[in-house]
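Number of protein chains: 2
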Amino acid sequence: MKLTVLGSSSALPTSERFSSAHVLNAHERLFLIDCGEGTQIQLRKNRIRFSRINHVFISHLHGDHIFGLYGLLSTLSLMGRKSPLRLYAPESYDSILLTHLKDFDIHLSYEIDFVPLKSKDPLIILDEKYLTVTSFPLKHRVQSFGFLFREKNRERNIIKGIIEELGIPVERIPAIKRGEDFLTPEGLVIKNNDLTMPPDKPLSYAYCSDTKYFPRLASFVKDVTMLYHESTFDKSKEDLAAMTFHSTTIDAARTALKANAGTLIIGHFSSRYKKIGPLVEEARTVFHRTFPAVDGRSYEITNAIIDY
Amino acid sequence: MKLTVLGSSSALPTSERFSSAHVLNAHERLFLIDCGEGTQIQLRKNRIRFSRINHVFISHLHGDHIFGLYGLLSTLSLMGRKSPLRLYAPESYDSILLTHLKDFDIHLSYEIDFVPLKSKDPLIILDEKYLTVTSFPLKHRVQSFGFLFREKNRERNIIKGIIEELGIPVERIPAIKRGEDFLTPEGLVIKNNDLTMPPDKPLSYAYCSDTKYFPRLASFVKDVTMLYHESTFDKSKEDLAAMTFHSTTIDAARTALKANAGTLIIGHFSSRYKKIGPLVEEARTVFHRTFPAVDGRSYEITNAIIDY
């Protein structure tokens, strides 16, 4: 799994930072998460093929998370897209989008399969072969949702050399990876434990933006491999954060710590911050493995320890 | 007068070219013309102060000319703008914008003074001390307007040294610049022709996008100092241009020639063109003083001969 940050700014984009948008690559399937103004331009700059995006997740209906969507939808149509696009967004957006398409007399070349977000509890909104996506509620000025992308349980790892040693036929390998034993031609049962090692821990990525701090959030993203959490403000601005229903660096780090996250990526920085380094340092006083979201940067999501 | 191009692409932005947006600086007043996605980002990159923009002109309701407006309006509000913003756009946009603000629960910190465009003939839509702006109809798939920014008649130029020679009091100078004669203390009338030279030719800039070729267009922009005209396609694509109500390089150049324009800037290039040089060369076969619109480039609008 790999995350690419397309925009790391909050309400006001800067000359260095676009509005919110992330692309998650999970098993070579691309998921676009939020779509701030300029997302299509950032997709091009990062050489991400538009046609590979089949799912778009919108966390909430504030412009810096969605004003790039109209342009992207039009562009996909101009490119002749045929396959449906699944769009997950707060429920009221369904009619807003229909009105927009009518007002601008836009006839898309493809269907939009709209999935309304409304659940007040974590809810699986996509269940695929390798992955589930769960939405969960955040606490913001408007209805806002986080998203958890989690690999399904991985297969067990076959012990190096054992296939050749026992002459295991290729067609038996998938079953053994799933946990079955192996019966030798001589009628001997080799227990799966002697053939395989436990699977790697499934990878996961959670996206939390925009929200104020609340303790229950950590339970929604428990043990996540990589947590993205907004940090609009530094810790000195905690009053402003509370007032605007946003988080400080410390809020993000507390949630990461409480959730036992592997790595924390902070972003959605206020345009007042020219340098992001001090924000990262601040978060690290609470949660050491904190890294900044940087436009155009990709982050490998892995159980290994990597400096991003 | 100075033009800054913020976006030179047509429907699909590329990694090099944003969607349509121009900023005209006339006597230190800024006019934003079209507002494609990413305009606010380009304004920042080009260090153009948002607060100096008081007039926004939208040529037509296609996304690549307007999808940056929602973000810009929100940003101006977040920046605490108080003074009204004058918005000129096709008449149906008034209710579209109101619906948008309601849907996203946006309460702007300033008033939008909406000027509906609907005239089928050239019409002065702004009349200021130094400048008039005239809208004129284009021929596109939807109602589309061009804009002509024209300096008012300039004042006459006082002949060098004449003030000192005749001892003309400072308070008489404005009247003499307007064409009045000068009465000496001795009662002698000095004719204005002996005091001044004719004024410089007033400067003008016309914006023509999107449109197919039509002969009458040249009359709307007659003798313009600098003509911007869309050239979505090269001349080999004239059928496609006709079908989509766009122009080729040759169409743009013919209009410039017929209008007796000083200089032609072509833009709104299809994303199929990686290099713009050949398009410029093509237009120059008809109208020699053709230059390309380039994102971030500024063009001095002057009666002098300049290579841009």
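Chains A and B, in that order, give the protein sequences. Numbering-wise, the numbering used here puts 111 at position 80 of the first sequence, and it's gapless, one number per residue. Numbering-wise, the numbering used here puts 182 at position 151 of the second sequence, and it's gapless, one number per residue. Backbone N, C-alpha and C fix where the C-beta goes; we use that ideal spot for every residue, glycine too.
Q | Neighbour-count burial assignment, residue 228 of chain A, 16 or more Cβ in a 10 Å radius | A | For this step, residue 228 of chain A is matched to residue 197 along the first sequence. Answer is exposed; the Cβ neighbour count stays below 16.
Q. Contact check, residue 68 of chain B vs residue 50 of chain B under 8 Å by CB: the rounded distance?
A. Within the second sequence, numbered from 1, the residue matching residue 68 of chain B stands at position 37. Within the second sequence, numbered from 1, the residue matching residue 50 of chain B stands at position 19. Right, their Cβ atoms sit about 5 Å apart.
Q: Run the CB neighbour count on residue 274 of chain B, radius 10 Å, all protein chains shown included, and call it buried at 16 or more, exposed below.
A: Here residue 274 of chain B corresponds to residue number 243 of the second sequence, with the count starting at 1. Residue 274 of chain B comes out exposed.
Q: Sort out for me which residues DSSP pairs residue 50 of chain B with in a bridge.
A: One-based indexing of the second sequence puts residue 50 of chain B at position 19. For residue 50 of chain B, DSSP records no beta bridge to any residue.
**Q.** Nearest-angstrom beta carbon gap, residue 334 of chain A and residue 256 of chain A [assumed within contact, 8 Å]
**A.** Locating residue 256 of chain A in the first sequence gives position 225, where the first residue counts as 1. Locating residue 334 of chain A in the first sequence gives position 303, where the first residue counts as 1. At roughly 6 Å, the Cβ-Cβ gap stays under 8 Å, so residue 256 of chain A and residue 334 of chain A are in contact.
Q | 9 Å Cβ cutoff, residue 313 of chain A in contact with chain B | A | The residue given as residue 313 of chain A occupies position 282 in the first sequence. Not one chain B Cβ lies under 9 Å of residue 313 of chain A.
(Q) With DSSP as the reference, identify every bridge partner of residue 180 of chain A, one or two as the case may be. (A) Here the question's residue 180 of chain A lines up with position 149 in the first sequence. A:164, A:236, per the DSSP bridge assignment.
(Q) Using DSSP's beta-bridge definition, name the partner residues of residue 299 of chain B. (A) Mapped onto the second sequence, residue 299 of chain B falls at position 268. DSSP lists no partner for residue 299 of chain B.
Q | Start-end ranges of the beta strand (DSSP E) lying completely within the region 236 to 268 of chain B, minimum 3 residues | A | 257 to 261
Q.
Please identify the residue among A:178, A:276, A:263, A:82 whose C-alpha is closest to the C-alpha of residue 39 of chain A.
A. Mapped onto the first sequence, residue 39 of chain A falls at position 8. If we check each option's Cα against that of residue 39 of chain A, A:263 comes out closest.
Q | For residue 101 of chain B and residue 298 of chain A, believed in contact at Cβ under 8 Å, the rounded distance | A | Start at 1 with the first residue of the first sequence, and residue 298 of chain A comes out as number 267. Start at 1 with the first residue of the second sequence, and residue 101 of chain B comes out as number 70. No, residue 298 of chain A and residue 101 of chain B are not in contact; Cβ-Cβ is about 22 Å, not under 8 Å.
Q. Taking DSSP as the reference, what is the three-state secondary structure of residue 125 of chain A?
A. As a position in the first sequence, residue 125 of chain A is number 94, starting the count at 1. Residue 125 of chain A: helix per DSSP, three-state reduction.
(Q) I want to verify the contact list: residues of chain A whose CB lies under 9 Å from the CB of residue 76 of chain B, in sequence order. (A) Here residue 76 of chain B refers to the residue found at position 45 when the second sequence is read from its first residue. What residue 76 of chain B touches in chain A: 46.
Q: Label residue 91 of chain A either buried or exposed according to how many other C-beta atoms from any shown protein chain fall within 10 Å of its C-beta, with 16 as the threshold for buried.
A: Position 60 of the first sequence, counted from the first residue, corresponds to residue 91 of chain A. Burial call: buried.
(Q) Is it buried or exposed, residue 65 of chain A, if we count other Cβ atoms within 10 angstroms and call 16 or more buried? (A) The sequence position of residue 65 of chain A within the first sequence is 34, counting from 1. Classification for residue 65 of chain A: buried.
Q: Quick one: give me the first and last residue of the beta strand (DSSP E) that residue 225 of chain B is part of.
A: Residue numbering aside, residue 225 of chain B sits at position 194 when the second sequence is read from its first letter. Note, residue 225 of chain B: premise wrong, no beta strand (DSSP E); alpha helix (DSSP H) at 223 to 226.
**Q.** Between the CA atoms of residue 99 of chain B and residue 284 of chain B - distance to the nearest angstrom
**A.** In the second sequence, residue 284 of chain B corresponds to position 253, counting from 1. In the second sequence, residue 99 of chain B corresponds to position 68, counting from 1. Distance between the alpha carbons of residue 284 of chain B and residue 99 of chain B is about 29 Å.
Q: Classify residue 202 of chain A as helix, strand or coil using the three-state DSSP reduction.
A: Stepping through the first sequence from its first residue, residue 202 of chain A is reached at position 171. Helix.
**Q.** DSSP state of residue 311 of chain A mapped onto helix, strand, coil
**A.** Position 280 of the first sequence, counting from 1, holds the residue named residue 311 of chain A. The answer is helix: DSSP assigns residue 311 of chain A an H, G or I state.
Q.
Using the three-state DSSP reduction, which class does residue 306 of chain A fall into: helix, strand or coil?
A. Counting from one through the first sequence, the residue named residue 306 of chain A turns up at place 275. Residue 306 of chain A: coil per DSSP, three-state reduction.
Q. Residues of chain A with CB under 7 Å from residue 105 of chain B, in chain order?
A. Within the second sequence, the letter at position 74 stands for residue 105 of chain B. Close partners of residue 105 of chain B in chain A (Cβ separation under 7 Å): 94.
Q. Would DSSP call residue 327 of chain B helix, strand or coil?
A. Counting from one through the second sequence, the residue named residue 327 of chain B turns up at place 296. Coil at residue 327 of chain B, not helix or strand.
Q) Can you find a CB in chain A that lies within less than 9 Å of the CB of residue 134 of chain B? A) Position 103 of the second sequence, counted from the start, is the residue given in the question as residue 134 of chain B. Yes, its Cβ sits closer than 9 Å to a Cβ of chain A.
Q.
Once the 5 residues before and after residue 63 of chain A are set aside, which same chain residues still bring their CB inside 6 Å of it?
A. For the purposes of this step, residue 63 of chain A is taken as residue 32 along the first sequence, with counting starting at 1. The residues are 54, 84, 87.
Q: Can you pull the chain B residues whose beta carbon is under 7 Å from the beta carbon of residue 102 of chain A, in chain order?
A: Taking the first residue of the first sequence as 1, we reach residue 102 of chain A at position 71. Close partners of residue 102 of chain A in chain B (Cβ separation under 7 Å): 68, 94, 98.
Q) Are any of the Cβ atoms in chain B nearer than 9 Å to that of residue 71 of chain A? A) Residue mapping note: residue 71 of chain A aligns to position 40 of the first sequence, counting from 1. Closer than 9 Å: yes.
Q.
Buried or exposed for residue 316 of chain A, going by 16 or more other Cβ atoms inside 10 Å?
A. Here residue 316 of chain A refers to the residue found at position 285 of the first sequence. Per the 10 Å Cβ criterion, exposed.
(Q) For a cutoff of 9 Å on Cβ pairs, would you count residue 110 of chain B as touching chain A? (A) The residue labelled residue 110 of chain B in the question sits at position 79 within the second sequence. Closer than 9 Å to some Cβ of chain A, the Cβ of residue 110 of chain B qualifies, so yes.
Q: Leaving aside the five residues before and after residue 175 of chain A along the sequence, list all residues of the same chain whose C-beta is less than 7 Å from its C-beta, in chain order.
A: In the first sequence, residue 175 of chain A corresponds to position 144, counting from 1. Counting only Cβ-Cβ distances below 7 Å, and skipping sequence neighbours, we find 90, 91, 169, 241, 242.
**Q.** Three-way DSSP call (helix, strand, coil) for residue 43 of chain B in this model
**A.** Position 12 of the second sequence, counted from the first residue, corresponds to residue 43 of chain B. DSSP places residue 43 of chain B in coil when its eight states are reduced to three.
**Q.** Collapsed DSSP secondary structure at residue 279 of chain A in the structure displayed
**A.** Counting from one through the first sequence, the residue named residue 279 of chain A turns up at place 248. Note: residue 279 of chain A maps to strand in three-state DSSP.
**Q.** Spatial distance of residue 125 of chain B from residue 211 of chain B (CA atoms)
**A.** One-based indexing of the second sequence puts residue 125 of chain B at position 94. One-based indexing of the second sequence puts residue 211 of chain B at position 180. Going by the C-alpha atoms only, they are around 46 Å apart.
Q) When burial is assigned at 16 or more other CB atoms within 10 Å of the CB, is residue 142 of chain B buried or exposed? A) Counted from its first residue, the second sequence places residue 142 of chain B at position 111. Classification for residue 142 of chain B: exposed.
Q. How would you call residue 20 of chain B, buried or exposed, if buried means at least 16 neighbouring beta carbons within 10 angstroms?
A. One cannot answer for residue 20 of chain B here, as it falls past the ends of chain B, which runs 32 to 339.
**Q.** Proximal residues, the region 116 to 130 of chain A versus chain B, C-beta separation under 7 Å
**A.** 127, 130
Q: List the endpoints of the continuous beta strand (DSSP E) containing residue 60 of chain A.
A: On the first sequence, position 29 is the one that residue 60 of chain A refers to. Unbroken beta strand (DSSP E) run through residue 60 of chain A: 60 to 64.
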